[in-house]
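To start, the structure under review is shown below, and the notes come after it.
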Amino acid sequence: MPAIPPTKPYRIGRSKTGLGLFATKPIKKGTKIIRYFGPLLDSKKADEDAIENKYLFELDKRWTIDGSIRENVARYINHSCKPNAESDVKPRKKKIFIRAIKEIEPGEEINYDYGTDYFKAYLKPIGCKCEACEKKRAKKKAEARADRVLQKAKDERKAKKKAEKLTKDTARDPAKDKAKQRSKAKASTKAGGDAQARGKAKSRRPVPPGRAARS
107 MPAIPPTKPY
117 RIGRSKTGLG
127 LFATKPIKKG
137 TKIIRYFGPL
147 LDSKKADEDA
157 IENKYLFELD
167 KRWTIDGSIR
177 ENVARYINHS
187 CKPNAESDVK
197 PRKKKIFIRA
207 IKEIEPGEEI
217 NYDYGTDYFK
227 AYLKPIGCKC
237 EACEKKRAKK
247 KAEARADRVL
257 QKAKDERKAK
267 KKAEKLTKDT
277 ARDPAKDKAK
287 QRSKAKASTK
297 AGGDAQARGK
307 AKSRRPVPPG
317 RAARS
(Lines of atoms letter the chains of each structure in order from A and count residues from 1; the text may use other names and numbers.)
(Lines give C-alpha, C1' and ligand atoms only; values in the text may rest on other atoms or scores of the structure.)
Protein backbone atom coordinates (compact mmCIF):
# COMPACT_ATOMS: atom_id res chain seq x y z
CA MET A 1 0.00 0.00 0.00
CA PRO A 2 1.51 3.37 -1.00
CA ALA A 3 2.59 5.82 1.69
CA ILE A 4 0.52 9.01 1.87
CA PRO A 5 2.05 12.23 3.20
CA PRO A 6 0.33 13.51 6.38
CA THR A 7 -0.36 16.82 4.63
CA LYS A 8 -2.85 15.13 2.30
CA PRO A 9 -6.52 15.23 3.35
CA TYR A 10 -7.15 11.53 2.78
CA ARG A 11 -6.09 8.02 3.74
CA ILE A 12 -6.61 4.51 2.41
CA GLY A 13 -8.99 2.48 4.56
CA ARG A 14 -11.31 -0.50 4.64
CA SER A 15 -14.56 0.01 2.74
CA LYS A 16 -17.67 -2.12 2.20
CA THR A 17 -16.36 -3.03 -1.25
CA GLY A 18 -12.71 -3.57 -0.24
CA LEU A 19 -10.31 -0.67 0.10
CA GLY A 20 -11.38 2.94 -0.29
CA LEU A 21 -10.16 6.49 0.12
CA PHE A 22 -11.39 8.39 3.20
CA ALA A 23 -11.17 12.05 4.15
CA THR A 24 -8.95 12.88 7.13
CA LYS A 25 -9.72 16.61 7.06
CA PRO A 26 -12.72 18.70 5.97
CA ILE A 27 -12.73 19.05 2.18
CA LYS A 28 -14.60 22.00 0.73
CA LYS A 29 -16.86 21.77 -2.30
CA GLY A 30 -14.91 22.46 -5.50
CA THR A 31 -11.55 21.36 -4.05
CA LYS A 32 -9.23 19.29 -6.25
CA ILE A 33 -8.66 16.31 -3.98
CA ILE A 34 -6.25 14.13 -5.92
CA ARG A 35 -4.88 13.50 -9.40
CA TYR A 36 -5.65 10.25 -11.23
CA PHE A 37 -2.49 9.33 -13.12
CA GLY A 38 -0.53 6.58 -14.81
CA PRO A 39 1.05 5.65 -18.17
CA LEU A 40 -0.65 7.03 -21.28
CA LEU A 41 -1.94 4.39 -23.68
CA ASP A 42 -2.27 5.18 -27.38
CA SER A 43 -5.25 3.47 -29.04
CA LYS A 44 -3.43 3.73 -32.41
CA LYS A 45 -0.86 1.26 -31.12
CA ALA A 46 -2.25 -2.26 -31.17
CA ASP A 47 -0.18 -3.49 -28.21
CA GLU A 48 -1.28 -0.56 -26.01
CA ASP A 49 -4.88 -0.66 -27.21
CA ALA A 50 -5.05 -4.34 -26.19
CA ILE A 51 -4.27 -3.57 -22.53
CA GLU A 52 -7.30 -4.26 -20.37
CA ASN A 53 -7.92 -3.69 -16.64
CA LYS A 54 -10.38 -2.00 -14.28
CA TYR A 55 -8.25 1.13 -13.88
CA LEU A 56 -8.27 2.43 -17.46
CA PHE A 57 -9.52 6.01 -17.64
CA GLU A 58 -10.25 7.38 -21.11
CA LEU A 59 -9.13 10.93 -21.86
CA ASP A 60 -10.43 11.02 -25.42
CA LYS A 61 -10.84 8.69 -28.40
CA ARG A 62 -7.07 8.22 -28.68
CA TRP A 63 -5.54 8.55 -25.22
CA THR A 64 -6.27 6.52 -22.09
CA ILE A 65 -4.63 6.61 -18.68
CA ASP A 66 -3.67 3.26 -17.17
CA GLY A 67 -4.20 3.94 -13.48
CA SER A 68 -3.28 0.45 -12.27
CA ILE A 69 0.16 1.53 -11.01
CA ARG A 70 0.70 1.34 -7.24
CA GLU A 71 1.57 5.03 -6.90
CA ASN A 72 -1.85 6.09 -8.21
CA VAL A 73 -3.65 6.46 -4.88
CA ALA A 74 -6.75 7.78 -6.70
CA ARG A 75 -7.44 4.25 -7.96
CA TYR A 76 -8.68 3.40 -4.45
CA ILE A 77 -11.63 5.78 -4.82
CA ASN A 78 -14.78 3.70 -5.19
CA HIS A 79 -17.84 4.24 -7.35
CA SER A 80 -21.07 5.71 -6.00
CA CYS A 81 -24.40 6.39 -7.70
CA LYS A 82 -24.76 9.40 -5.38
CA PRO A 83 -21.15 10.62 -5.13
CA ASN A 84 -19.52 13.46 -3.23
CA ALA A 85 -16.85 14.00 -5.89
CA GLU A 86 -16.44 13.86 -9.68
CA SER A 87 -13.73 13.36 -12.27
CA ASP A 88 -12.44 16.56 -13.85
CA VAL A 89 -10.99 15.42 -17.20
CA LYS A 90 -8.60 17.69 -19.09
CA PRO A 91 -7.86 15.97 -22.43
CA ARG A 92 -5.48 18.63 -23.78
CA LYS A 93 -3.30 18.49 -20.67
CA LYS A 94 -3.82 14.71 -20.51
CA LYS A 95 -4.67 15.00 -16.85
CA ILE A 96 -7.54 13.91 -14.62
CA PHE A 97 -8.36 15.31 -11.19
CA ILE A 98 -10.93 14.15 -8.67
CA ARG A 99 -12.84 17.19 -7.43
CA ALA A 100 -15.27 17.52 -4.52
CA ILE A 101 -18.84 18.39 -5.48
CA LYS A 102 -20.03 18.45 -1.85
CA GLU A 103 -18.63 19.32 1.55
CA ILE A 104 -16.78 16.17 2.70
CA GLU A 105 -16.32 15.60 6.41
CA PRO A 106 -13.40 13.74 8.09
CA GLY A 107 -14.03 9.98 8.11
CA GLU A 108 -16.35 10.17 5.10
CA GLU A 109 -15.47 7.98 2.12
CA ILE A 110 -14.58 9.83 -1.08
CA ASN A 111 -16.35 8.51 -4.17
CA TYR A 112 -17.40 9.45 -7.69
CA ASP A 113 -19.54 8.03 -10.50
CA TYR A 114 -17.44 5.76 -12.75
CA GLY A 115 -19.80 6.25 -15.70
CA THR A 116 -22.23 4.11 -17.70
CA ASP A 117 -19.68 1.97 -19.58
CA TYR A 118 -17.82 0.92 -16.45
CA PHE A 119 -21.06 0.34 -14.57
CA LYS A 120 -22.40 -2.00 -17.28
CA ALA A 121 -19.10 -3.87 -17.66
CA TYR A 122 -18.08 -4.35 -14.02
CA LEU A 123 -20.80 -3.35 -11.54
CA LYS A 124 -24.13 -4.34 -13.06
CA PRO A 125 -23.27 -8.08 -13.36
CA ILE A 126 -22.54 -8.33 -9.61
CA GLY A 127 -24.83 -5.54 -8.38
CA CYS A 128 -23.69 -2.10 -7.31
CA LYS A 129 -22.68 -2.05 -3.64
CA CYS A 130 -22.41 1.68 -3.13
CA GLU A 131 -24.16 3.16 -0.09
CA ALA A 132 -26.99 4.63 -2.17
CA CYS A 133 -27.79 1.30 -3.83
CA GLU A 134 -27.48 -0.59 -0.54
CA LYS A 135 -30.01 1.78 1.05
CA LYS A 136 -32.33 1.38 -1.94
CA ARG A 137 -32.16 -2.43 -1.71
CA ALA A 138 -32.72 -2.32 2.06
CA LYS A 139 -35.75 -0.06 1.56
CA LYS A 140 -37.23 -2.40 -1.05
CA LYS A 141 -36.70 -5.41 1.22
CA ALA A 142 -38.35 -3.58 4.15
CA GLU A 143 -41.31 -2.61 1.94
CA ALA A 144 -41.62 -6.21 0.69
CA ARG A 145 -41.60 -7.50 4.29
CA ALA A 146 -44.23 -4.94 5.29
CA ASP A 147 -46.41 -5.95 2.33
CA ARG A 148 -46.12 -9.62 3.31
CA VAL A 149 -47.10 -8.83 6.92
CA LEU A 150 -50.11 -6.79 5.77
CA GLN A 151 -51.22 -9.50 3.36
CA LYS A 152 -50.85 -12.16 6.04
CA ALA A 153 -52.95 -10.10 8.47
CA LYS A 154 -55.54 -9.53 5.75
CA ASP A 155 -55.73 -13.25 4.97
CA GLU A 156 -56.05 -14.08 8.67
CA ARG A 157 -58.91 -11.59 9.12
CA LYS A 158 -60.64 -13.02 6.06
CA ALA A 159 -60.25 -16.60 7.33
CA LYS A 160 -61.51 -15.56 10.79
CA LYS A 161 -64.63 -13.92 9.34
CA LYS A 162 -65.29 -17.00 7.21
CA ALA A 163 -64.95 -19.29 10.23
CA GLU A 164 -67.24 -17.08 12.34
CA LYS A 165 -69.87 -17.05 9.60
CA LEU A 166 -69.68 -20.83 9.27
CA THR A 167 -70.06 -21.26 13.04
CA LYS A 168 -73.01 -18.86 13.13
CA ASP A 169 -74.72 -20.62 10.23
CA THR A 170 -74.20 -24.02 11.86
CA ALA A 171 -75.72 -22.74 15.11
CA ARG A 172 -78.78 -21.46 13.27
CA ASP A 173 -79.46 -24.73 11.34
CA PRO A 174 -81.31 -26.65 14.15
CA ALA A 175 -83.71 -23.75 14.65
CA LYS A 176 -84.29 -23.61 10.92
CA ASP A 177 -84.93 -27.36 10.79
CA LYS A 178 -87.49 -27.11 13.63
CA ALA A 179 -89.22 -24.22 11.89
CA LYS A 180 -89.33 -26.20 8.65
CA GLN A 181 -90.69 -29.25 10.46
CA ARG A 182 -93.41 -27.16 12.13
CA SER A 183 -94.27 -25.60 8.80
CA LYS A 184 -94.49 -29.02 7.13
CA ALA A 185 -96.61 -30.35 10.00
CA LYS A 186 -99.02 -27.44 9.71
CA ALA A 187 -99.20 -27.88 5.95
CA SER A 188 -99.83 -31.63 6.35
CA THR A 189 -102.54 -31.06 8.99
CA LYS A 190 -104.20 -28.45 6.82
CA ALA A 191 -104.05 -30.70 3.77
CA GLY A 192 -105.62 -33.60 5.76
CA GLY A 193 -108.37 -31.36 7.10
CA ASP A 194 -109.17 -30.06 3.64
CA ALA A 195 -109.37 -33.63 2.25
CA GLN A 196 -111.69 -34.70 5.09
CA ALA A 197 -113.91 -31.70 4.54
CA ARG A 198 -114.14 -32.47 0.83
CA GLY A 199 -115.11 -36.10 1.65
CA LYS A 200 -117.89 -34.96 3.95
CA ALA A 201 -119.16 -32.52 1.41
CA LYS A 202 -119.23 -35.23 -1.23
CA SER A 203 -121.21 -37.63 1.01
CA ARG A 204 -123.85 -34.99 1.62
CA ARG A 205 -124.71 -34.52 -2.06
CA PRO A 206 -128.57 -34.73 -2.71
CA VAL A 207 -129.97 -37.62 -4.77
CA PRO A 208 -131.17 -36.41 -8.19
CA PRO A 209 -135.01 -36.54 -8.68
CA GLY A 210 -136.37 -39.68 -10.31
CA ARG A 211 -133.58 -41.87 -9.04
CA ALA A 212 -133.96 -44.18 -6.18
CA ALA A 213 -131.19 -44.46 -3.82
CA ARG A 214 -129.36 -47.72 -4.16
CA SER A 215 -129.23 -49.98 -1.16
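To convert a position in the sequence shown, counted from 1, into my numbering, add 106.
Heads up, the beta-carbon is just placed ideally off N, CA and C, and yes, glycines get one too.
The structure presented is a predicted model; accordingly, all values stated were derived computationally and were not measured.
Listed in chain order, the non-local C-beta contacts of E192 below 8 Å within the same chain comprise I204, R205, I207, Y218, D219, local neighbours out to five positions each way being set aside.
The beta carbons of P111 and A129 sit no closer together than 9 Å. In the structure shown, the three-state DSSP call for E158 is coil. For the pair N184 and L125, the Cα-to-Cα distance works out to about 8 Å.
Between the alpha carbons of K230 and S121 lies a distance of about 19 Å. In this structure, the alpha-carbon of D166 lies about 19 Å from that of A227. Every unbroken stretch of the alpha helix (DSSP H) spanning 4 or more residues and falling wholly within the region 125 to 191 is given here in chain order: 152 to 155. By the criterion of a C-beta distance shorter than 8 Å, E270 is surrounded by no residue of its chain, once the five residues flanking it on both sides are discounted. Annotation for K188: A238 place their beta carbon closer than 7 Å to its own, counting only its chain and skipping 5 residues before and after. DSSP, reduced to helix, strand and coil, places K122 outside both helices and strands of the structure shown, so it counts as coil. DSSP, read as helix, strand or coil, puts D275 in helix. Pairing K150 with R168 gives a Cβ-Cβ distance under 9 Å. The C-beta distance from V179 to I140 rounds to 6 Å, short enough to fall under 8 Å. N190 is classed as buried because its beta carbon has at least 16 other beta carbons within 10 Å across all chains shown. Counting only the Cα atoms, R254 lies some 49 Å from D172. Take K135, set aside five residues on each side of it, and the residues of its chain with a beta-carbon closer than 7 Å to its own are A206, I207, K208, E209, in chain order.
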